[in-house]
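K.L.:
Numbering (the working numbering), first residue to last: 12 to 301.
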């Protein structure tokens, strides 16, 4: 058996490889797919094999896969272009007849009705059409999306969204999602299954603000604005317009309850409760101090 991780030098890819190594998978049975040797130098130093390939260059995936391989396709970051990029991996995996093609998808899968989900829905369809044994890991939103600017949130005294008051979301941190992916790639029994992954408990932005206030001693509230106002705030802060539109649309989905369900698949896969948002806030604060 060989485990191949595409997009291996991103934050999630590195975490997954670290979890596989910690679980006892020999380094030479793991292959990192990266765009350059330089980006993967630290992984190679740990004994992980390397295949240099680029989602935009399908020919670079020639010879990347073998029939016995378990392949994890980590989605690209170029929203709107990812379907074609993912097709390069799927086509190569199909040509090789790999033993498993796992894909990091989006919460809700084909039922997801927000902008960010379009590429994921199409990628799932292509994988199903390939006829390969598959596993879909449908990740909810990452807790880190609300923690990257924690000092700014505290300074402003507000977390600003266009989701209505009381809207809930069941996030989990990257570490939890990475642990689940490592389990699925290393263990048997996950073929032709789809997992809806997210936190055990859905939280509201009001609860988030209260917890930040409790941990920092600064008064923080949730401020709900219109979609147009949020778009203007984001672009005014330097967020590209296209990505700002996606963030606004995600908040709309949160307002509809699309990311609030808690099916429990993530905690079952990783064999422990998911990381509470309070713990993620504490970890973010600790990282700022260190």
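Positions of the beta carbon are idealized from the N, C-alpha and C atoms, including for glycine.
1. Report the rounded CA-to-CA distance for residue 213 versus residue 29, giving the unit in angstroms.
2. Restricting to Cα atoms, I'd like to know which of 196, 176, 189, 152 is closest to residue 218.
3. With burial defined as no fewer than 16 other Cβ atoms inside 10 Å of the residue's Cβ, what is the status of residue 261: buried or exposed?
4. Taking the beta strand (DSSP E) that residue 147 belongs to, which residues open and close that run?
5. Under a Cβ-count criterion, where at least 16 other Cβ atoms within 10 Å of its own Cβ denotes burial, should residue 111 be classed as buried or exposed?
6. Quick one: what's got a C-beta closer than 7 Å to residue 224's C-beta in the same chain, skipping five residues either side?
7. Span of the beta strand (DSSP E) holding residue 205?
8. Out of 237, 144, 240, which one is the CA nearest neighbour of residue 202?
9. Taking C-alpha atoms, which residue in 264, 49, 54, 252 lies nearest to residue 32?
10. What's the gap between the Cα of residue 287 and the Cα of residue 228?
11. Check whether the Cβ atoms of residue 132 and residue 23 sit closer than 9 Å, and answer yes or no.
12. Going by alpha carbons, who is nearest to residue 162 out of 295, 73, 115, 197?
13. Looking at the secondary structure, which residues open and close the beta strand (DSSP E) in which residue 57 lies?
14. What does a CB cutoff of less than 8 Å around residue 258 pick up in its chain, not counting 5 residues either side in sequence?
15. Quick check: the Cα distance between residue 209 and residue 113, rounded to an integer number of angstroms?
16. So, are the CB atoms of residue 75 and residue 137 less than 9 Å apart?
17. Just how far apart, CA to CA, sit residue 116 and residue 183?
P.N.:
For this structure:
1. Here residue 213 is taken as the residue at index 202 of the chain shown, counted from 1. Here residue 29 is taken as the residue at index 18 of the chain shown, counted from 1. Taking the straight line from one Cα to the other gives about 28 Å.
2. Walking along the chain shown from the start, residue 218 turns up at place 207. Nearest C-alpha to residue 218: 176.
3. Within the chain shown, numbered from 1, the residue matching residue 261 stands at position 250. Counting the other Cβ atoms within 10 Å of the Cβ of residue 261 gives 16 or more, which makes it buried.
4. Against the chain shown, residue 147 aligns to sequence position 136. Where residue 147 is concerned, the enclosing beta strand (DSSP E) stretches over 145-150.
5. Within the chain shown, residue 111 is the residue found at index 100, counting from 1. Counting Cβ neighbours within 10 Å, residue 111 comes out buried, since at least 16 surround it.
6. For the purposes of this step, residue 224 is identified with residue 213 of the chain shown, where counting begins at 1. Sequence-distant partners of residue 224 (beyond 5 residues in either direction) whose C-beta falls short of 7 Å from its own C-beta, in its chain, are 230, 231.
7. What you label residue 205 is simply residue 194 of the chain shown in a count that begins at 1. Judged by DSSP secondary structure, residue 205 falls within the beta strand (DSSP E) whose first and last residues are 204-208.
8. Position 191 of the chain shown holds residue 202. Considering only alpha carbons, the answer is 144.
9. Locating residue 32 in the chain shown gives position 21, where the first residue counts as 1. Measuring from the Cα of residue 32, the nearest candidate turns out to be 54.
10. By one-based count along the chain shown, residue 287 stands at place 276. By one-based count along the chain shown, residue 228 stands at place 217. Answer to the nearest angstrom: the Cα atoms are 20 Å apart.
11. By one-based count along the chain shown, residue 132 stands at place 121. By one-based count along the chain shown, residue 23 stands at place 12. At least 9 Å separates the beta-carbon of residue 132 from that of residue 23.
12. Position 151 of the chain shown holds residue 162. Cα-wise, what sits closest to residue 162 is 295.
13. Within the chain shown, residue 57 is the residue found at index 46, counting from 1. According to the DSSP assignment, residue 57 belongs to no beta strand (DSSP E), since it is labelled neither H nor E.
14. As a working mapping, residue 258 is identified with position 247 in the chain shown. Cβ neighbours of residue 258 beyond the five flanking positions: 241, 245, 250.
15. Mapped onto the chain shown, residue 209 falls at position 198. Mapped onto the chain shown, residue 113 falls at position 102. Annotation: residue 209 to residue 113 spans about 17 Å, alpha carbon to alpha carbon.
16. On the chain shown, position 64 is the one that residue 75 refers to. On the chain shown, position 126 is the one that residue 137 refers to. No. Outside cutoff.
17. Within the chain shown, the letter at position 105 stands for residue 116. Within the chain shown, the letter at position 172 stands for residue 183. If you draw a straight line from the Cα of residue 116 to the Cα of residue 183, it is about 15 Å long.
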